[in-house]
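Residue numbers for the sequence shown, in the working numbering: 590 to 763.
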Amino acid sequence: MPVGTTGRAAPQYPMLSAPFFAPFTGGSMRYLHTMVRVTDLDASIDFYCNKLGLVETNRKEFEAGRFTLVFLAAPGNLDSAKATRSPELELTYNWDPEEYDGGRNFGHLAYYVDDIYATCQRLMDAGITINRPPRDGRMAFVRSPDNISIELLQEGEAQAPAEPWASMENTGVW
């Protein structure tokens, strides 16, 4: 087993092949995906796809390893995700219960949206708490069922501050 920089044995993961990962042919690095561990795959798919609006691009179950990988892409990134497998969000669901705490120093995911106010209203209507409302017409934060912080940013210029958003208080942490 290879040894990592900490001197401990590095974990071995099954190799994933096409269509999961496109071969790297460029002379420079490119972003591939962000992986987040989820504890309830159905609730996570409901949140990320049905409420946030991402699209499932691939799913693979690893019976020997007892986990499922689900790859999602934002609608505006679908062509790129289908062609190069990036940029994507990878949901990793371990079939056996595991406790995840502290986010392992993970900050947040971020997505541009066409209309910050309409997006936040749609999420609120779906029962999602807006932890940091878009008071400035530019930025909001929500949390996934696994408490992952998700930043929503207005594409282009910020919208003019508007009610009810301008006077909404933060809810919880973001």
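Even for Gly, the Cβ is constructed at its ideal location relative to N, Cα and C.
Going along the chain, which residues of its own chain have a beta-carbon closer than 7 Å to the beta-carbon of residue i, five neighbours each way excluded?
i, result
"residue 771", "The chain is shown only over 590 to 763; residue 771 falls outside these bounds and no answer can be derived."
"residue 747", "725, 726 and 727"
"residue 620", "675 and 676"
"residue 729", "705, 709, 719, 721, 722, 723 and 741"
"residue 715", "640"
"residue 650", "657"
Please report the Cβ distance between residue i and residue j, rounded to the nearest whole angstrom; I am assuming they are in contact, meaning their Cβ atoms lie under 8 Å.
i, j, result
"residue 700", "residue 661", "In fact, because the Cβ distance is near 11 Å, the residues do not count as touching under 8 Å."
"residue 634", "residue 698", "That pair is no contact at about 15 Å."
"residue 720", "residue 731", "6 Å"
"residue 636", "residue 733", "5 Å"
"residue 679", "residue 713", "Going by Cβ atoms, the distance from residue 679 to residue 713 rounds to 27 Å, so no, they are not a contact pair."
"residue 723", "residue 763", "Actually they are not in contact, since the Cβ atoms of residue 723 and residue 763 sit about 12 Å apart, beyond 8 Å."
"residue 704", "residue 627", "With a Cβ gap of about 27 Å, residue 704 and residue 627 do not count as contacting."
Return the first residue and the last residue of the alpha helix (DSSP H) that residue i is part of.
i, result
"residue 539", "There is simply no residue 539 to check, as the chain begins at 590 and stops at 763 in what is shown."
"residue 673", "667 to 673"
CB-CB under 8 Å to residue i, same chain, minus the five flanking residues each way: which ones, in chain order?
i, result
"residue 749", "726"
"residue 665", "701"
"residue 638", "644, 645 and 661"
"residue 687", "626 and 628"
"residue 667", "644 and 646"
What residues in its chain sit with their C-beta under 6 Å from that of residue i, if we drop five residues either side in the sequence?
i, result
"residue 677", "622, 660, 662 and 670"
"residue 647", "660"
"residue 630", "682"
"residue 760", "718 and 720"
From what residue to what residue does the beta strand (DSSP E) around residue i run?
i, result
"residue 764", "Here the chain covers residues 590 to 763 and nothing more, so residue 764 does not appear."
"residue 743", "738 to 743"
"residue 700", "698 to 702"
"residue 749", "Segment: none, residue 749 is in no beta strand (DSSP E) and carries neither H nor E."
"residue 717", "Looking at the DSSP string, residue 717 is not in any beta strand (DSSP E), and its letter there is neither H nor E."
"residue 695", "From DSSP, residue 695 is part of no beta strand (DSSP E); its letter is neither H nor E."
"residue 623", "622 to 627"
"residue 729", "728 to 732"
Alpha helix (DSSP H) segments (min. 4 residues) lying fully within the segment 633 to 663: None, since the segment 633 to 663 contains no complete alpha helix (DSSP H) of that length.
Touching by the beta-carbon criterion (3+ pairs, under 8 Å), the segment 635 to 646 and the segment 706 to 715: Contact between the segment 635 to 646 and the segment 706 to 715 is present: 3 or more CB-CB pairs across the two stretches fall below 8 Å.
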